[in-house]
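Colleague: Numbering (my numbering), first residue to last: 1 to 125. Beta carbons are placed, not taken as given, at the ideal position from N, Cα and C, and that holds for glycine. Nothing here was measured: the structure is a model prediction, and the numbers come from that model.
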């Protein structure tokens with residue numbers, strides 16, 4: 001684990017299948033932020049075309065689907081050293097995600113958050 005204070009434990013996590021789609025038109029937002037001329041006949045895209053061009057729309061569309069086919073199995077071999085003193089190992093846990101939950105999709109190398117979302121009704125599919 002890479003987070004301070006976290007530790008690894010054996011367990012099972014049951015998460016429902018879900019599919020989320022979201023789209024938003026960004027033209028108004030970009031104009032409000034000062035990008036005005038790109039959307040009218042004053043636009044200067046001469047670096048990419050000799051024809052006069054302007055941007056007619058900007059739409060952001062996202063899609064996230066989690067299902068059995070999207071689950072990746074991985075195997076790893078470890079050889080941990082253990083204390084010879086008698087200890088009680090933690091019992092495996094089971095976490096059943098049956099309430100609304102937030103999720104993040106993070107790039108493993110850069111730790112950049114790529115997507116965030118919320119599942120409001122994680123009922124059976």
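If we count the other Cβ atoms within 10 Å of its Cβ and call it buried at 16 or more, is residue 14 buried or exposed?
Modeller: To locate residue 14, count along the chain shown from 1; it is residue 14. Exposed, by the Cβ-count rule.
Colleague: Given a threshold of 16 other Cβ atoms within 10 Å of its Cβ, counted over all protein chains shown, does residue 119 qualify as buried or as exposed?
Modeller: Taking the first residue of the chain shown as position 1, residue 119 is located at position 119. Buried.
Colleague: Taking the alpha carbon of residue 54 as the point to measure from, which residue in 45, 60, 9 and 61 has its own alpha carbon closest?
Modeller: Counting from one through the chain shown, the residue named residue 54 turns up at place 54. Selected option, being the one with the closest Cα: 45.
Colleague: Scan the stretch 15 to 53 and note each continuous beta strand (DSSP E) run of 3 residues or more that stays entirely inside, going in chain order.
Modeller: Correct list: 18 to 25.
Colleague: For the stretch 23 to 38 against the stretch 52 to 66, do three or more pairs of beta-carbon atoms, one drawn from each stretch, fall closer than 8 angstroms, so that the two count as touching?
Modeller: Result yes; three or more Cβ-Cβ pairs closer than 8 angstroms.
Colleague: Who does residue 119 pair with in a DSSP beta bridge?
Modeller: The count along the chain shown starts at 1 and reaches residue 119 at position 119. Per DSSP, 101.
Colleague: Near residue 114, what residues of its chain come up, given a Cβ to Cβ distance below 8 angstroms and the 5 sequence neighbours on each side ignored?
Modeller: Residue numbering aside, residue 114 sits at position 114 when the chain shown is read from its first letter. Excluding sequence neighbours, residue 114 sits near 105, 106 and 107.
Colleague: What three-state label does DSSP hand residue 3 in the structure shown?
Modeller: Here residue 3 is taken as the residue at index 3 of the chain shown, counted from 1. In the structure shown, residue 3 sits in coil (DSSP, three-state: anything other than H, G, I, E or B).
Colleague: Could you tell me which of 98, 30, 39 and 36 sits nearest to residue 18, measuring between CA atoms?
Modeller: Within the chain shown, the letter at position 18 stands for residue 18. Looking at the Cα atoms, 98 is the closest of the given residues.
Colleague: Out of curiosity, what's the CA-to-CA distance linking residue 117 and residue 16?
Modeller: For the purposes of this step, residue 117 is taken as the residue at position 117 of the chain shown. For the purposes of this step, residue 16 is taken as the residue at position 16 of the chain shown. Rounded to the nearest angstrom, the two C-alpha atoms are 14 angstroms apart.
Colleague: Can the beta-carbon of residue 11 be found closer than 8 angstroms to that of residue 102?
Modeller: Taking the chain shown and counting its residues from 1, the one referred to as residue 11 is at position 11. Taking the chain shown and counting its residues from 1, the one referred to as residue 102 is at position 102. Not a contact, by the Cβ cut-off of 8 angstroms.
Colleague: Apart from the five residues just before and just after residue 30, which ones in its own chain have a Cβ nearer than 7 angstroms to its Cβ?
Modeller: As a first step, residue 30 must be located in the chain shown, where it is residue number 30. Only 58 meet the Cβ criterion.
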